[in-house]
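Asker:
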Amino acid sequence: MKKVLETRLSFGAEGAEKLVELYRTHVGNYPKFFKMDPLCRLGFVASEMLLNQENPRKYDCEDRAIVLFNRSASLADDSAYQKTIRDPEDYYPSPAVFVYTLPNIVTGEIAIRNKYYGESSFYVMEERDDELMMRTAALAFRDPAITSVLAGWVECPDPEHYEADLFILEK
Amino acid sequence: MTDGQQKSFDFSKVEIGGILPQRVPFVMVSRLVSFSYPRTVTEFDVAGENAFIQDGKLLREGLIENVAQTCAARIGFINKYILHKPVNIGYVCAVNDFRISRSPRIGETLVTTIDVTSEFGTILVVSAEVCSDTGIIAEGSMTIALDESRTVEVPEAVVKIADNIISPLGTTTEANYRAVLEGRSALRHYPATRELPEAFFASLIDESSLSEGYASFGIGNGYTRFERRIILSVAKALAQTDLDPASDRVLFVISSTKGNVELLEDPGEPIENERLGVSALKIASFFGNKVTPLVVSNACISGLCAQIAAMRELTAGNFDAAVVTGSDVQSRFIISGFQSFKALSDEACRPFDADRKGLNLGEAAATMIFKRKEPSEGDWCLLRGAIRNDANHISGPSRTGEGSFRALRAALGDFPSDELALVSVHGTSTAYNDEMESIALDRAGLVNVPVNSLKGYYGHTMGAAGILESILSMASIDDGKVLGTRGYSRCGVSCPVDMSPVPRKTDKKAFVKLLSGFGGCNAAALFRKGGER
Amino acid sequence: MEELILELKNRILEALKLEDMTPEDIDSDAPLFKDGLGLDSIDALELMLLLEKNYGIKLKSPAEGKEIFKSVRTMAEYVAANRVK
Chain A
3 MKKVLETRLS
13 FGAEGAEKLV
23 ELYRTHVGNY
33 PKFFKMDPLC
43 RLGFVASEML
53 LNQENPRKYD
63 CEDRAIVLFN
73 RSASLADDSA
83 YQKTIRDPED
93 YYPSPAVFVY
103 TLPNIVTGEI
113 AIRNKYYGES
123 SFYVMEERDD
133 ELMMRTAALA
143 FRDPAITSVL
153 AGWVECPDPE
163 HYEADLFILE
173 K
Chain B
6 MTDGQQKSFD
16 FSKVEIGGIL
26 PQRVPFVMVS
36 RLVSFSYPRT
46 VTEFDVAGEN
56 AFIQDGKLLR
66 EGLIENVAQT
76 CAARIGFINK
86 YILHKPVNIG
96 YVCAVNDFRI
106 SRSPRIGETL
116 VTTIDVTSEF
126 GTILVVSAEV
136 CSDTGIIAEG
146 SMTIALDESR
156 TVEVPEAVVK
166 IADNIISPLG
176 TTTEANYRAV
186 LEGRSALRHY
196 PATRELPEAF
206 FASLIDESSL
216 SEGYASFGIG
226 NGYTRFERRI
236 ILSVAKALAQ
246 TDLDPASDRV
256 LFVISSTKGN
266 VELLEDPGEP
276 IENERLGVSA
286 LKIASFFGNK
296 VTPLVVSNAC
306 ISGLCAQIAA
316 MRELTAGNFD
326 AAVVTGSDVQ
336 SRFIISGFQS
346 FKALSDEACR
356 PFDADRKGLN
366 LGEAAATMIF
376 KRKEPSEGDW
386 CLLRGAIRND
396 ANHISGPSRT
406 GEGSFRALRA
416 ALGDFPSDEL
426 ALVSVHGTST
436 AYNDEMESIA
446 LDRAGLVNVP
456 VNSLKGYYGH
466 TMGAAGILES
476 ILSMASIDDG
486 KVLGTRGYSR
496 CGVSCPVDMS
506 PVPRKTDKKA
516 FVKLLSGFGG
526 CNAAALFRKG
536 GER
Chain C
3 MEELILELKN
13 RILEALKLED
23 MTPEDIDSDA
33 PLFKDGLGLD
43 SIDALELMLL
53 LEKNYGIKLK
63 SPAEGKEIFK
73 SVRTMAEYVA
83 ANRVK
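Below you can see the structure in the form of structure tokens.
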């Protein structure tokens with residue numbers, strides 16, 4: 003088993019703008035990007051920068067798993083959703099915000115973009131542990147259909163903190 | 006294993022059949038005498054039924070095989086007792102030079118000592134000495150190449166050794182099963198309030214019904230509703246075993262979609278208390294377990310994903326047992342969210358029914374404890390599980406049931422569908438989910454297998470669903486039954502399925518659990534009772 | 003009516019996060035769903051929320067919305083006829 007590709011993104015409050023910039027530079031023709039919450043924008047852009055290094059880039063397959071990890075799950079969007087329901091006098095629960103209140107949605111966005119029909123999983127860990135991440139991601143290889151795993155850390159607790167470390171593991 | 010541990014290890018308890026692939030009459034090692042990385046010693050009782058005997062004597066080929074199997078036993082021991090990996094050895098060997106001074110006879114016991122002179126990955130070069138009570142009878146050196154792709158058929162499986170369900174229908178699996186068999190449900194109408202201006206239908210736990218349980222297990226006030234329900238469920242399951250939950254060979258796997266999200270209602274609550282990882286550590290720590298728990302948050306399929314992750318950890322030999330537990334607590338956050346999706350029904354849900362109007366939300370905590378062991382006849386084994394994505398839409402299911410079908414196909418493999426007692430589907434009672442699942446079942450060739458959904462008894466219990474619904478499927482098959490689908494009367498999906506509102510008889514011993522979740526994910530798992538193929 | 007149509011277009015762009023578009027890019031009579039702007043089921047729900055939040059109009063289900071959300075013009079006509087705010 004070996005790591006064949008890697009990408010790293012790390013931003014503070016400038017992250018929101020930076021991600022739009024990176025989207026326009028590296029992707030560009032995917033308007034769904036603007037519907038995504040900060041965590042999904044981070045994961046999506048990082049995955050695009052990662053996969054753009056692949057030659058030829060893999061699309062439409064069942065043998066690649068997506069296994070991602072973070073500490074805060076979907077907290078950034080949870081907080082945004084909570085705002086839409088906080089005040090009973092100004093109560094307008096938003097479905098477009100609620101749909102992102104699950105951390106695994108980012109794996110779904112990556113699967114949709116690349117037509118990956120393989121496994122998609124999400125794990126939460128309080129202390130980032132790269133060795134444990136690697137070992138857990140590699141468990142996907144116990145499914146005989148899986149030959150590579152897009153894995154890594156995608157953490158965005160709020161729109162002022164962004165950290166992504168993604169890699170491809172091959173069997 | 007340290008030198009000290011090697012010296013004090015009781016090698017007489019090593020069963021040679023567990024570290025070598027050979028079977029009589031090709032077994033050329035009777036017992037392991039001692040082990041260290043450079044030197045390993047075995048004994049072999051030369052007996053008449055052995056394959057390499059001719060005219061009462063052991064042939065040269067037999068002595069060479071004895072040395073090769075001593076090397077294999079060394080690696081088998083390392084894999085099984087030190088690395089806790091599956092034992093995997095086939096081998097080829099080249100004899101560099103091997104001189105035999107005398108052929109041993111039936112009745113002699115040979116003591117074989119190998120010293121590893123070099124080792125490159127799977128290739129060993131050893132010098133070997135075979136002695137009998139008369140002295141050295143053979144010596145020489147060999148190169149052994151191990152074939153790690155061939156694994157020993159170790160007859161162990163991932164077996165469920167205990168379970169528990171905490172729900173509005175009871176705090177034990179038995180109480181829940183009886184209630185469901187009788188068609189009972191806690192689903193009811195909750196009228197509009199200032200905080201939730203739209204009424205809803207749900208099955209919610211009455212917290213006061215659990216206070217006795219909390220008291221009896223010493224679960225105090227420092228835990229949230231989410232945490233203490235899980236702790237209670239785990240405690241009740243553990244009480245059925247003699248497992249030491251504090252052992253570092255036991256892994257906690259926790260499944261939840263939203264954990265403590267209701268804490269966001271209180272702006273004064275420290276943000277870390279809302280984090281699932283923090284809850285997971287508190288839960289494991291209650292039981293004295295210091296291993297980092299695996300925390301699965303994969304939408305509504307989390308309960309099955311947790312079981313699949315546990316199965317993989319156990320078969321990899323990383324742990325010997327896994328406590329798999331899951332729960333979700335309904336809150337203003339979640340209820341309002343599903344209301345914003347217009348996904349809820351204003352009455353008890355009707356899975357797969359022509360008049361279904363949407364789902365109901367539910368609450369439960371459920372636990373299964375798995376162990377890697379040789380299964381007995383009555384043991385439930387998790388044989389295979391698969392997770393697949395629709396790659397279509399983040400909240401709506403694929404019209405072709407893509408991910409669901411692929412998960413079913415991968416989980417079933419070549420298992421004959423006529424041996425299935427049941428497919429327990431997700432069956433949330435939304436227009437799209439149930440339709441999609443029927444398409445997936447049809448594509449997977451499962452339309453003739455009895456099907457049921459348990460959402461009509463509990464509503465959608467989210468993080469607990471995969472665990473709760475698997476437990477009840479096992480309980481029903483143990484009872485020779487397939488549970489009915491409460492709320493179903495008239496087929497409302499385009500691919501006809503074999504569903505019934507009332508329980509049916511079965512004498513089959515296997516089932517598939519199927520789930521789907523937001524994010525386009527789908528999971529399927531195959532369970533079978535007993536070890537025999 | 004034209005004022006309301008423009009107002010609706012701006013609200014739609016904001017609510018559905020159609021970042022790279024302007025009101026001029028939306029044809030008042032073109033279908034919003036299917037081809038048109040390529041909106042999906044969640045967008046339909048957000049449009050219902052938009053009607054409630056800004057105009058006090060409560061629709062019971064996405065099915066009710068089907069005719070209303072045919073185009074921006076049909077939306078505007080419905081709002082003009084039914085607005086409470």
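Chains as they are written, first to last, in my numbering: chain A, 3 to 173; chain B, 6 to 538; chain C, 3 to 87.
Every residue gets a Cβ at the ideal spot worked out from N, C-alpha and C, and that includes glycine.
Jot down the residue ranges of each uninterrupted alpha helix (DSSP H) in the stretch 395-481 of chain B, minimum 4 residues, whole runs only, in chain order.
Answerer: If we require 4 residues or more, the alpha helix (DSSP H) runs fully inside the stretch 395-481 of chain B come out as 407-417, 436-448 and 460-463.
Asker: Taking only runs that begin and end inside the stretch 245-290 of chain B, name each unbroken beta strand (DSSP E) of 3 or more residues, in chain order.
Answerer: The qualifying runs are 255-260.
Asker: Any contact between the stretch 297-305 of chain B and the stretch 248-261 of chain B? By contact I mean 3 or more CB pairs, one from each, below 8 Å.
Answerer: Output reads yes: the stretch 248-261 of chain B touches the stretch 297-305 of chain B.
Asker: Could you tell me the alpha carbon to alpha carbon distance between I476/B and T149/A, rounded to whole angstroms?
Answerer: Each residue's Cα considered, the two are about 32 Å apart.
Asker: Should L53/C be flagged as near chain B, meaning a C-beta pair shorter than 8 Å?
Answerer: With 8 Å as the cut-off, L53/C does not count as an interface residue toward chain B.
Asker: At a Cβ cut of 8 Å, what residues of the stretch 54-74 of chain C count as close to chain A, listed as they run along the chain?
Answerer: The residues in question are E54 and K55.
Asker: What did DSSP end up calling S30/C once you bin it into helix, strand or coil?
Answerer: DSSP places S30/C in coil when its eight states are reduced to three.
Asker: Is L1/C close to chain B, meaning its C-beta is less than 8 Å from at least one C-beta of that chain?
Answerer: Shown here, chain C extends from 3 to 87; a query on residue 1/C therefore has no answer.
Asker: Drop a sphere of 10 angstroms on the beta-carbon of G135/C, count the other beta-carbons inside from all chains shown, and report buried for 16 or more, exposed for fewer.
Answerer: Here chain C covers residues 3 to 87 and nothing more, so residue 135/C does not appear.
Asker: Is the distance from the Cβ of V131/B to the Cβ of I149/B below 8 Å?
Answerer: Result yes, Cβ atoms of V131/B and I149/B sit closer than 8 Å.
Asker: Within 8 Å (strictly less), CB to CB, does E128/A reach chain B?
Answerer: For E128/A, the answer is yes, since a Cβ of chain B falls inside 8 Å of its Cβ.
Asker: Alpha carbon to alpha carbon, how far is G154/A from D65/A? Give it in angstroms, no decimals.
Answerer: If you take the alpha carbons of D65/A and G154/A, they lie about 18 Å apart.
Asker: Does DSSP put Q11/B in a helix, a strand or coil?
Answerer: In the structure shown, Q11/B sits in a helix (DSSP, three-state: H, G or I).
Asker: Between the stretch 172-189 of chain B and the stretch 306-313 of chain B, are three or more C-beta pairs nearer than 8 Å?
Answerer: Cβ pair count under 8 Å is below three, so no.
Asker: Strictly by DSSP, which residues pair up with C63/A?
Answerer: The partner list for C63/A (beta bridge, DSSP) reads Y118/A.
Asker: Mapping the DSSP letters down to three states, classify R538/B as helix, strand or coil.
Answerer: Note on R538/B: pLDDT 47, under 50, position unreliable in the model; the coordinate value appears next. Coil at R538/B, not helix or strand.
Asker: Under 8 Å between the Cβ atoms of V487/B and N457/B?
Answerer: Contact: yes.
Asker: A98/A versus chain C: which residues are under 8 Å apart at the beta carbon?
Answerer: Chain C residues near A98/A: A17, L18, K19, I44, D45, L47 and E48.
Asker: Identify which residue in A162/B, F16/B, I171/B and E200/B has its Cα closest to the Cα of D89/A.
Answerer: That would be E200/B, whose Cα lies nearest to the Cα of D89/A.
Asker: For D102/B, list the residues DSSP reports as bridge partners.
Answerer: For D102/B, which the question treats as bridged, DSSP gives the partners S146/B.
Asker: Just grab the DSSP bridge partners of L115/B for me.
Answerer: According to DSSP, L115/B bridges with F49/B.
Asker: Can you check which of these residues, G61/B, A515/B and T372/B, is closest to D484/B by C-alpha distance?
Answerer: Residue A515/B is the option with its Cα nearest to D484/B.
Asker: Nearest-angstrom Cα distance between R538/B and T320/B?
Answerer: Note that R538/B scores a pLDDT of 47, beneath 50, so its modelled location is shaky; the value from the coordinates is reported in the next line. Taking the straight line joining both Cα atoms gives about 18 Å.
Asker: Given that a residue counts as buried once 16 or more other Cβ atoms are within 10 Å of its Cβ, and exposed if not, what is V6/A?
Answerer: By the neighbour-count rule (16 or more Cβ atoms within 10 Å), V6/A is not buried but exposed.
Asker: Below 8 Å between beta carbons: does that hold for I166/B and I482/B?
Answerer: No. Outside cutoff.
Asker: Check D503/B in the structure and name its three-state DSSP category.
Answerer: D503/B falls in the strand class under three-state DSSP.
Asker: Would you mind reading off the limits of the alpha helix (DSSP H) that contains R234/B?
Answerer: Looking at the DSSP string, the run of the alpha helix (DSSP H) that includes R234/B is R230 to L243.
Asker: Which residues share a DSSP beta bridge with L168/A?
Answerer: In the DSSP output, where bridge partners are listed per residue, L168/A has T9/A and G154/A.
Asker: Rounded to whole angstroms, how far is the Cβ of E48/B from the Cβ of R36/B, which I believe are closer than 8 Å?
Answerer: Between R36/B and E48/B the Cβ distance is about 5 Å, and since that is below 8 Å, they are a contact.
Asker: Could one say the Cβ of Y32/A lies closer than 8 Å to chain F's Cβ atoms, at least one of them?
Answerer: Note that chain F does not occur in the displayed structure, where the protein chains are A, B and C.
Asker: Does the distance from the C-beta atom of E368/B to that of T435/B stay below 8 Å?
Answerer: No, the pair does not count as a contact, with Cβ atoms beyond the cut-off.
Asker: Could you tell me the distance, in whole angstroms, from the CA atom of V32/B to the CA atom of D419/B?
Answerer: Each residue's alpha carbon lies about 32 Å from the other.
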